[in-house]
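Chemist:
Protein chains: 2
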Amino acid sequence: MFGCLVAGRLVQAAPQQVAEDKFVFDLPDYENINHVVVFMLGTIPFPEGMGGSVYFCYPDQSGMAVWQLLGFVTNEKPSAIFKISGLKSGKGSQHPFGAMNLPQTPTVAQIGISVELLENLAQQTPVANAAVSSVDSFTEAQMTPNPSEAFIPANVVLKWYENFQRRLTQNPLFWKT
Amino acid sequence: MFGCLVAGRLVQAAPQQVAEDKFVFDLPDYENINHVVVFMLGTIPFPEGMGGSVYFCYPDQSGMAVWQLLGFVTNEKPSAIFKISGLKSGKGSQHPFGAMNLPQTPTVAQIGISVELLENLAQQTPVANAAVSSVDSFTEAQMTPNPSEAFIPANVVLKWYENFQRRLTQNPLFWKT
Numbered sequence: 013m014f015g016c017l018v019a020g021r022l023v024q025a026a027p028q029q030v031a032e033d034k035f036v037f038d039l040p041d042y043e044n045i046n047h048v049v050v051f052m053l054g055t056i057p058f059p060e061g062m063g064g065s066v067y068f069c070y071p072d073q074s075g076m077a078v079w080q081l082l083g084f085v086t087n088e089k090p091s092a093i094f095k096i097s098g099l100k101s102g103k104g105s106q107h108p109f110g111a112m113n114l115p116q117t118p119t120v121a122q123i124g125i126s127v128e129l130l131e132n133l134a135q136q137t138p139v140a141n142a143a144v145s146s147v148d149s150f151t152e153a154q155m156t157p158n159p160s161e162a163f164i165p166a167n168v169v170l171k172w173y174e175n176f177q178r179r180l181t182q183n184p185l186f187w188k189t
Numbered sequence: 013m014f015g016c017l018v019a020g021r022l023v024q025a026a027p028q029q030v031a032e033d034k035f036v037f038d039l040p041d042y043e044n045i046n047h048v049v050v051f052m053l054g055t056i057p058f059p060e061g062m063g064g065s066v067y068f069c070y071p072d073q074s075g076m077a078v079w080q081l082l083g084f085v086t087n088e089k090p091s092a093i094f095k096i097s098g099l100k101s102g103k104g105s106q107h108p109f110g111a112m113n114l115p116q117t118p119t120v121a122q123i124g125i126s127v128e129l130l131e132n133l134a135q136q137t138p139v140a141n142a143a144v145s146s147v148d149s150f151t152e153a154q155m156t157p158n159p160s161e162a163f164i165p166a167n168v169v170l171k172w173y174e175n176f177q178r179r180l181t182q183n184p185l186f187w188k189t
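Sequence order for the protein chains is H and L. Numbers in our numbering are just positions in the first sequence, counted from 1, shifted up by 12. Numbers in our numbering are just positions in the second sequence, counted from 1, shifted up by 12.
#1: Going by Cα to Cα distance, which pick from H/K171, H/K89, H/G98 is closest to H/P57?
#2: So, is the C-beta of H/S65 closer than 9 Å to a C-beta in chain L?
#3: Using 8 Å as the threshold, is the stretch 71-84 of chain H in touch with the stretch 175-183 of chain H, meaning 3 or more CB pairs across them?
#4: Mind checking if H/N46 is an interface residue toward chain L, Cβ cutoff 9 Å exclusive?
#5: If you measure from the beta carbon of H/W79 to each beta carbon in chain L, is any gap under 9 Å?
#6: Quick one: what's L/F51 bridged to in DSSP?
#7: In terms of alpha-carbon separation, which member of H/T117, H/V127, H/N46 lies closest to H/P108?
#8: Check distances from the C-beta atoms of the stretch 13-37 of chain L to those of chain H and list, in chain order, the residues that come in under 7 Å.
#9: Tell me, please, which residues DSSP counts as bridged to L/S65.
#10: Would you be able to state if there are at least three C-beta pairs under 8 Å between the stretch 78-92 of chain H and the stretch 133-147 of chain H?
#11: Please state whether DSSP places L/L39 in a helix, a strand or coil.
#12: Between which residues of its own chain and H/V18 is the CB-CB distance below 7 Å, once the five residues before and five after are set aside?
#13: Give me the chain L residues within the contact set of H/L53, using Cβ-Cβ distance strictly less than 8 Å, ordered along the chain.
#14: Need the endpoints of the beta strand (DSSP E) that L/Q29 sits in, please.
#15: Enumerate in chain order the residues of its own chain whose CB-to-CB distance from L/Q122 is below 7 Å, with the five nearest sequence positions on each side excluded.
#16: Below 9 Å between beta carbons: does that hold for H/Q24 and H/G15?
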């Protein structure tokens with residue numbers, strides 16, 4: 013029913029089914045993963061009124077599973093790209109995989125898909141910065157509204173200002189020389 | 013052999029084979045596409061020493077096909093995410109699909125995959141800003157080496173400088189007031 017693709021690696025189309033409505037893909041060497049694509053294979057749609065919540069699960073320093081909600085796939089939006097490389101905060105969110113106690117290996121993370129009612133999905137809030145489309149719109153809107161525009165790190169301006177201020181204090185007319 | 017996935021849509025796993033070594037996926041409504049994932053299905057690897065160059069083809073205003081090289085897939089890197097939403101420059105690149113004369117529909121673009129010798133691929137330069145991973149590394153390395161760092165558009169600094177210069181000319185001690 014589902015496929016999972018780590019950018020740069022081979023596609024996976026055979027998740028482990030850990031419950032009637034729960035599917036898990038292993039992500040070996042997850043610390044070297046930037047983007048993960050989760051998609052429906054197109055063979056079996058969700059039952060009417062159902063969709064899938066997509067979770068990223070990784071081991072924290074003590075080997076406990078931390079789950080974060082990445083987003084959703086539905087019959088209307090049967091695929092999504094998620095950026096997981098920034099998700100290292102360690103703050104877990106509520107998740108429906110609790111009792112399953114997936115074995116945690118330090119270098120292996122998981123993608124978990126939970127089939128749920130669409131109205132339940134609508135009440136869940138994915139972790140910030142995982143959806144590739146919102147990262148894009150942030151980048152384009154806030155950082156590069158015009159691709160030809162250049163940006164300067166704020167601390168460079170601050171350092172210049174502090175330097176300028178110091179020289180101005182020493183000699184109020186230094187800038188004329 | 014290949015799959016193609018537009019983020020948010022159903023996966024395509026049956027390209028049109030337009031020559032022995034050329035495969036084409038249609039991308040309907042391509043102006044609403046941000047990201048495209050191209051991947052090997054994992055069933056048939058490339059022959060030894062071969063790989064695939066991945067092209068994006070879209071109709072220009074007069075309906076002529078414009079081809080741009082997005083990047084590559086190989087047995088070692090069997091999948092890639094490309095950002096095509098920024099590729100509207102209209103400048104085409106050299107491509108091996110020339111004689112095929114694919115029918116152009118105003119709203120339909122194509123992904124073309126050409127199987128070639130790896131040493132030929134190594135001499136081809138993809139269009140800038142299409143590879144999602146290089147966009148990332150550019151963003152992270154050049155724009156936000158530290159996520160807590162802020163950036164200022166260069167023209168804001170320039171405007172401030174011009175303003176400061178003007179006021180300094182009018183009154184060399186204005187900054188003291």
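Just so you know, even glycine gets a beta-carbon here, dropped at the ideal spot from N, CA and C. Bear in mind the structure is a predicted one, so any value in this text is a computation, not a measurement.
Modeler: By the coordinates alone:
#1: H/K89
#2: no
#3: no
#4: yes
#5: no
#6: L/G15, L/S91
#7: That would be H/V127, whose Cα lies nearest to the Cα of H/P108.
#8: G15, L17, A19, G20, R21, L22, V23
#9: L/F84, L/S126
#10: Here the stretch 133-147 of chain H lies against the stretch 78-92 of chain H, with 3 or more beta-carbon pairs under 8 Å apart.
#11: Of the three classes helix, strand and coil, the one that applies to L/L39 here is strand, per DSSP.
#12: L39, I45, V48
#13: V23
#14: 28-31
#15: V36, F37, D38, L39, C69, L114
#16: yes
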